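Down below is the structure, laid out as structure tokens.
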Amino acid sequence: MTTPNKLNNLSGFLKEIYEAGKINKVLNYDLSNEFKIGNKILGKDLAFIAGPCSVENKEMIISSAKAVKLAGCDALRAGAYKPCTYPVNKDVDGWKEGMREKGLDLLKIAKEESGLEIVSEVMNPSQLELCHDSIDIIQVGTRNFQNYSLLDELSLQEKPVILKRGTWATLEEILGALERLLNGKLKKVAICLRGVIGAPPYRHIFKSSRWQPDLMMIQAIKEVCDIPVIYDPSHATGKRSFVKGIAISAVICGADGLIIEAHPNPPKSISDPDQAISFSELEGIVNKSFNARSIYLSN
Ligand code: PEP
Ligand code: MN
């Protein structure tokens with residue numbers, strides 16, 4: 035439960051909207067509902083979710099699942115539905131903005147083969163039914179952060195949801211979207227922070243670095259509520275050599291978990307090839323993150 039101390043931290047606009055009853059559930063987010071990822075309890079234990087940006091084929095997703103597990107992670111994440119920045123008209127071996135329903139079938143097999151839970155994106159309410167057996171934890175992507183028909187539909191069901199921050203989202207908008215998710219039966223929700231709009235002054239040199247990491251939002255959310263915060267250093271940096279530093283920093287700032295893109299052959303990833311890391315790099319981040327967590331907890 036949110037401590038009175040946290041509610042006492044509210045001031046200005048947040049206090050006003052709390053007193054108006056608009057963000058009640060978020061600020062009183064009940065950690066005793068135990069949003070678990072594998073054996074980890076989010077908000078208490080440090081959790082790791084990793085995998086390729088998208089499901090590419092059967093062999094690749096099964097080997098990725100096993101490697102993610104060996105690296106010490108708690109869940110496999112890979113997209114079956116991929117909202118691409120530009121419409122992808124080409125059908126590459128069954129991959130057209132993801133492998134879609136075929137990708138869901140492969141995720142189910144990867145889950146059976148590895149024993150890992152599956153995190154994957156759902157883009158609209160009609161996909162919810164389809165993912166019933168394949169997805170354990172639903173990801174709402176950045177592009178759908180304020181898709182209220184999707185959020186309202188998700189609030190009516192109980193599968194845990196990880197909501198990714200819109201690249202434009204303020205703290206109020208984050209709390210508002212979370213409140214919407216928590217307005218019905220859904221009890222297990224986490225926010226996933228990723229890069230935001232800004233204009234990194236180095237983007238002309240490192241062209242894939244499109245976003246600002248905004249680590250301070252982890253601290254801002256922690257200041258006002260207990261909602262678990264997951265950080266995605268892959269979609270924060272866009273560049274594989276930057277991922278480790280931002281991942282560890284996010285844990286030091288209080289992130290309760292990380293979502294990291296890792297691939298058997300990173301530069302050959304069908305989607306997001308510039309930010310994918312190898313499984314051995316992933317393992318290194320996992321191991322170092324425990325020290326980072328101790329630094330956070332010692333504050
Ligand atoms: C993803 O997680 O692969 C993804 C598309 O992320 P985002 O929604 O943050 O762009
Ligand atoms: Mn991606």
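When we follow my numbering, the leftmost residue of the sequence shown carries the number 35, and every step to the right adds one.
For each residue, glycine too, the CB sits at the ideal point set by N, CA and C.
Small disclaimer: the values here were computed from a predicted structure and weren't measured.
- Please report how far the alpha carbon of I71 lies from the alpha carbon of E151, in whole angstroms. The count along the sequence shown starts at 1 and reaches residue 71 at position 37. The count along the sequence shown starts at 1 and reaches residue 151 at position 117. If I take the Cα positions, the gap works out to 7 Å.
- Message: For a quick check, are the C-beta atoms of A310 and C165 less than 8 Å apart?
- Response: Residue mapping note: residue 310 aligns to position 276 of the sequence shown, counting from 1. Residue mapping note: residue 165 aligns to position 131 of the sequence shown, counting from 1. Contact flag unset, no.
- For E50, does the count of other Cβ atoms within 10 angstroms reach 16, so buried, or fall short, so exposed? What you label residue 50 is simply residue 16 of the sequence shown in a count that begins at 1. E50 is exposed by the Cβ-count criterion.
- Query: Per DSSP, Q246 forms a beta bridge with which residues?
  - Reply: Looking up residue 246 in the sequence shown gives position 212. DSSP lists V230 as partners of Q246.
- So, using beta-carbon positions, are F313 and A112 closer together than 8 Å? Taking the first residue of the sequence shown as 1, we reach residue 313 at position 279. Taking the first residue of the sequence shown as 1, we reach residue 112 at position 78. Going by C-beta atoms, F313 is not nearer than 8 Å to A112.
- Query: Should R177 be listed as close to the ligand HEM, given that the test is whether its C-beta is under 7 Å from any heavy atom?
  - Reply: Judged by which ligands are present, the ligand HEM is missing from the structure shown, whose ligands are the ligand PEP and the ligand MN.
- When you compare each of I96, L65, I231 and I75 to S291 by their alpha carbons, which one comes out closest? Working through the sequence shown from its first residue, we reach residue 291 at position 257. Contrary to the premise, residue 291 reads as Gly rather than Ser in this sequence. Looking at the Cα atoms, I75 is the closest of the given residues.
- Residues surrounding the ligand MN [beta-carbon distance to nearest heavy atom under 5 Å]: C87 and D306
- What distance in whole Å lies between the Cβ atoms of F179 and L197, which are believed to be in contact at a cut-off of 8 Å? For this step, residue 197 is matched to residue 163 along the sequence shown. For this step, residue 179 is matched to residue 145 along the sequence shown. That pair is a contact at about 7 Å.
- Message: Can you tell me whether H269 sits near the ligand PEP, meaning its C-beta is under 7 Å from at least one heavy atom of the ligand?
- Response: To locate residue 269, count along the sequence shown from 1; it is residue 235. It does: the Cβ of H269 is within 7 Å (strictly closer) of some heavy atom of the ligand PEP.
- Nonlocal neighbours in the same chain, by C-beta distance under 7 Å from V258, ignoring five residues either side: Within the sequence shown, residue 258 is the residue found at index 224, counting from 1. K40, N43, L44, L48 and L61, listed in sequence order.
- Item | N- and C-terminal bounds of the alpha helix (DSSP H) containing I261 | The residue you call residue 261 lines up with position 227 of the sequence shown. Premise fails: I261 is in no alpha helix (DSSP H) and is neither H nor E.
- Query: Hey, how far is the Cα of M35 from the Cα of Q173?
  - Reply: For the purposes of this step, residue 35 is identified with residue 1 of the sequence shown, where counting begins at 1. For the purposes of this step, residue 173 is identified with residue 139 of the sequence shown, where counting begins at 1. For M35, the predicted structure reports a pLDDT of 47, less than 50, and the residue's modelled location is therefore unreliable. The matter cannot be settled from this model.
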